[in-house]
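All remarks here apply to the structure that follows.
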Amino acid sequence: MKSLWRMALVSTIATYVLIFIGGLVRVSGAGLGCPDWPKCFGRWMPPTDVSQLPPDIDPSRFNFTLAWIEYTNRLSGVIVGLLIAATAVLALVRARRTPGILWPAVAAGLLTALQGWQGRAVITSELAPLVVTVHTVLALVIVSLLIWAAAGAYRQVHPREAGEGLAAWAQRRLLLLWGLAIVQVMLGTRVREGLEAMREDHPAWSAAKAIMAIGAVSHLHMALGIVVAAVTWWTGRGLLRAPGGSAPAVRQAAVAAMVLVGLQILSGLTFIFWDIPPVVQVFHLWIASLYIGTLLLALAAARQPGPVPAGEMRG
Amino acid sequence: MSKIITIGVILAAVLGGVALVTLYQADKARSELPVLGTVGPFTLTDQFGEPFTDADLTDKLSVVEFFFTGCRGPCPIMNGHFADLYRAFAETDRVQFVSITVDPEADSTARLADYAARFGVSDRRWVFLTGPLDSIVRISETYFMLAADDLPGNHSTRFALVDGRHRIRAYYSGTDAASVDVLRTHLRELLDDLP
């Protein structure tokens, strides 16, 4: 079980790095750096010179830097995919009678395969808004499943660190926040798409002006962000002051969620007052994914380990 | 807890550094256009009857084309694209569009002004220039390296992008929407680099 916990942890961290790289690809405008899939300009390694392009490809579409940024994302995706597949296989071997670990791990593996296939749709659709949104949300669901599996395996290895269980109100609120956070990410991707369309029509506009002109989606994203922040702080405060105290892992996850949501509000404000700095855009999405992870961690950390089925040794 | 915070801060700093370098390189790669030539001295007259010289290119991005008002072939398509870009960049006077007639005998300033009005041109962000034919041929062939034989019918349909230091940075097909989209992206990128 220890090896499964370690494998799930490594997969989770690697997936977070991949989400960061994915955001970087999007913000740097390298999404179509390789216009085909899985190859890049018809080659397994991106071309280093225009002369290496296939004759049917317009040379003006080739940009060495953008091609390599996108290709790095794909290579990282393959590595992370293999790690998640290994986690799923390990869960099948070591946790086949512990559904709370087995199913999240296997589901993460299957969804990762789907994500790889869906990556093709992202390219062939030339970054169609809906397809990009599905790609982002799928990544968040995968990392959520991995966290759930990792926390389950950790509890089996360290049963004494398990909490006393969360109050029903806290569980409901954390699940609500998780759902709202996913909706927020979906709205955020729509804001980004609106921003790109707006800058296409009004290239000389400042990004802040463009974001205000997007309209309802943008305003809804801001309003919901404030609601999520308020509910997070309210819930976090409740968990930190719970009678009898919450488990240490729950307290840490609550503090982390409160800090992360605060950072999200701050990064959102920089979009309006500092013309949407690209590096902050990358962190805005990434912090959202970390926030989603901490919510699940708080939920998972308080769960009881349950009996270890025969043949699935702790430690 | 302090260990977790330290690791978090270090990780954020490393990723932030990677992000900054990647974004800088991507930005540089997109706006890095070669210098293909330089526009030398010239003096022509715009649709308002005012002189327009090479000095008017300074510190602005200029998109230059050759056309004539009587042209029924590619010119309406080219100027349709110019009109789209003229509207898209309405918020800045640092991007200008320069249409030089290759039929100066027929295209008087008054005729150019009428033609400009048809495209909704109301300011000097889009100028229509006329002048002596030999000057126009010299500008087309010597500065822009665009053939100007058998005028007016056989003029080039390419757009040239000139930066604020009079340097020609790229050419685009004036009749191809995809090529004009690339021009639009280049204008946006180079606009950020203008002083």
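So the protein sequences, as listed, match chains Z and S. Per this note's numbering, residue 898 is the first one in the first sequence, and the count goes up by one each step. Per this note's numbering, residue 7 is the first one in the second sequence, and the count goes up by one each step. Glycine residues also receive a C-beta, built at the ideal position from the N, C-alpha and C atoms. Keep in mind that this is a model prediction, so the values were computed, not measured.
Decide if the segment 178 to 196 of chain S is in contact with the segment 26 to 43 of chain S; the criterion is three or more beta carbon pairs, one per stretch, under 8 Å apart.
yes
Output, in chain order, the set of chain S residues within a Cβ distance shorter than 8 Å of Leu-963 of chain Z.
Within the first sequence, residue 963 of chain Z is the residue found at index 66, counting from 1. Within chain S, the residues near Leu-963 of chain Z are Ala-32, Ala-35, Arg-36.
Using only alpha-carbon positions, find the residue among S:Arg-164, S:Pro-110, S:Thr-181 that is nearest to Ile-174 of chain S.
Here residue 174 of chain S corresponds to residue number 168 of the second sequence, with the count starting at 1. Considering only alpha carbons, the answer is S:Arg-164.
Is the number of C-beta pairs between the segment 1028 to 1047 of chain Z and the segment 1145 to 1160 of chain Z that are closer than 8 Å three or more?
no
Within chain Z, the residues that Thr-28 of chain S reaches when beta carbons sit closer than 7 Å
Position 22 of the second sequence, counting from 1, holds the residue named residue 28 of chain S. Per Cβ cutoff of 7 Å: Leu-921, Ser-925, Ile-966.
Quick check on Trp-1183 of chain Z: does DSSP put it in helix, strand or coil?
Here residue 1183 of chain Z corresponds to residue number 286 of the first sequence, with the count starting at 1. Here Trp-1183 of chain Z sits in helix by DSSP.
Between the segment 993 to 1002 of chain Z and the segment 932 to 945 of chain Z, can you find at least three pairs of beta-carbon atoms closer than 8 Å?
no
Can you look up Ala-176 of chain S in the DSSP assignment and give me helix, strand or coil?
Against the second sequence, residue 176 of chain S aligns to sequence position 170. Correct three-state label for Ala-176 of chain S: strand.
Please name the residue in Z:Ala-1139, Z:Arg-1134, Z:Pro-1100, Z:Glu-1090 whose C-alpha comes closest to that of Ser-1115 of chain Z.
In the first sequence, counting from the first residue as 1, residue 1115 of chain Z sits at position 218. Taking only the C-alpha atoms, the option nearest Ser-1115 of chain Z is Z:Glu-1090.
Give the residues of chain Z in contact with Gly-43 of chain S, contact being defined as C-beta atoms less than 7 Å apart.
Translated into the one-based positions of the second sequence, residue 43 of chain S becomes position 37. Per Cβ cutoff of 7 Å: no residues; Gly-43 of chain S is ~19 Å from chain Z at best.
If I follow the unbroken alpha helix (DSSP H) through Trp-1131 of chain Z, where does it start and stop?
On the first sequence, position 234 is the one that residue 1131 of chain Z refers to. Segment 1113 to 1137, the alpha helix (DSSP H) holding Trp-1131 of chain Z.
Hey, Val-45 of chain S and Leu-63 of chain S are a contact pair by Cβ (cut 8 Å); roughly how many whole angstroms apart?
Taking the first residue of the second sequence as 1, we reach residue 45 of chain S at position 39. Taking the first residue of the second sequence as 1, we reach residue 63 of chain S at position 57. So it is a contact: roughly 6 Å between Cβ atoms.
Minimum C-alpha distance to Thr-912 of chain Z - residue among Z:Val-1054, Z:Ser-1186, Z:Leu-1196, Z:Arg-993:
As a first step, residue 912 of chain Z must be located in the first sequence, where it is residue number 15. Thr-912 of chain Z has its Cα closest to that of Z:Ser-1186, out of Z:Val-1054, Z:Ser-1186, Z:Leu-1196, Z:Arg-993.
Taking only beta carbons into account, state which residues of the segment 165 to 193 of chain S come closer than 7 Å to chain Z, listed in chain order.
Val-188, Arg-190, Leu-193
Just to confirm before moving on: does the CB-CB distance between Ile-1189 of chain Z and Leu-1043 of chain Z stay below 9 Å?
On the first sequence, position 292 is the one that residue 1189 of chain Z refers to. On the first sequence, position 146 is the one that residue 1043 of chain Z refers to. Cβ atoms of Ile-1189 of chain Z and Leu-1043 of chain Z: not closer than 9 Å.
What are the boundary residues of the beta strand (DSSP E) that Thr-107 of chain S is part of?
Locating residue 107 of chain S in the second sequence gives position 101, counting from the first residue. Counting along the chain, the beta strand (DSSP E) containing Thr-107 of chain S begins and ends at 101 to 107.
Might you give, ordered along the chain, the residues of its own chain that have their beta carbon closer than 6 Å to the beta carbon of Leu-987 of chain Z, omitting 5 neighbours on each side?
Counted from its first residue, the first sequence places residue 987 of chain Z at position 90. Taken in chain order, the residues that qualify are Leu-901, Met-904.
Express the C-alpha separation of Gln-1053 of chain Z and Glu-1209 of chain Z in angstroms, rounding to a whole number.
As a working mapping, residue 1209 of chain Z is identified with position 312 in the first sequence. As a working mapping, residue 1053 of chain Z is identified with position 156 in the first sequence. Residue placement at Glu-1209 of chain Z cannot be trusted, given a pLDDT of 49 that sits under 50; what the coordinates show is reported in the next sentence. Using only the alpha carbons, I get a separation of about 10 Å.
Going along the chain, which residues of the segment 1168 to 1180 of chain Z sit with their C-beta nearer than 8 Å to a C-beta in chain S?
Pro-1175, Val-1176, Val-1179, Phe-1180
Might you give, ordered along the chain, the residues of its own chain that have their beta carbon closer than 6 Å to the beta carbon of Trp-1102 of chain Z, omitting 5 neighbours on each side?
Locating residue 1102 of chain Z in the first sequence gives position 205, counting from the first residue. None.
Got a sec: does the ligand MN put a non-hydrogen atom nearer than 8 Å to the Cβ of Gln-53 of chain S?
In the structure shown, the ligand MN is absent, as is every other ligand, since no ligand is present at all.
The segment 1081 to 1095 of chain Z in contact with the segment 1104 to 1124 of chain Z per 3-pair CB rule at 8 Å
yes
Between His-1055 of chain Z and chain A, is there a C-beta pair that is closer than 9 Å?
This model lacks chain A altogether, as its protein chains are Z and S.
Helix, strand or coil at Val-41 of chain S [DSSP, three-state]:
Stepping through the second sequence from its first residue, residue 41 of chain S is reached at position 35. It is coil, neither helix nor strand.
With 9 Å as the threshold, decide whether the Cβ of Thr-909 of chain Z is near any Cβ in chain S.
The residue labelled residue 909 of chain Z in the question sits at position 12 within the first sequence. Chain S, which has no Cβ nearer than 9 Å to the Cβ of Thr-909 of chain Z, makes this no.
Pairwise C-alpha distance: Asp-187 of chain S and Arg-100 of chain S:
As a working note, residue 100 of chain S is residue 94 in the second sequence. As a working note, residue 187 of chain S is residue 181 in the second sequence. The straight-line gap from Cα to Cα measures roughly 19 Å.
So, for Gln-1161 of chain Z: in the same chain, excluding its five sequence neighbours on each side, which residues have a beta-carbon less than 6 Å away from its beta-carbon?
In the first sequence, the residue the question calls residue 1161 of chain Z occupies position 264. Ile-1184.
Closer than 8 Å by beta-carbon distance: list the chain Z residues that pair up with Gly-22 of chain S, in chain order.
Mapped onto the second sequence, residue 22 of chain S falls at position 16. Simply Val-1176, Phe-1180.
Give the residues of chain Z in contact with Phe-95 of chain S, contact being defined as C-beta atoms less than 8 Å apart.
If you number the second sequence from 1, residue 95 of chain S lands on position 89. Under the 8 Å cutoff, chain Z gives Pro-1100, Ala-1101.
Would you mind listing the alpha helix (DSSP H) stretches within the segment 1011 to 1090 of chain Z that are 4+ residues and don't spill past its ends, in chain order?
1026 to 1054
Collapsed DSSP secondary structure at Trp-132 of chain S in the structure displayed:
For the purposes of this step, residue 132 of chain S is identified with residue 126 of the second sequence, where counting begins at 1. If DSSP states are grouped into helix, strand and coil, Trp-132 of chain S belongs with the strands.
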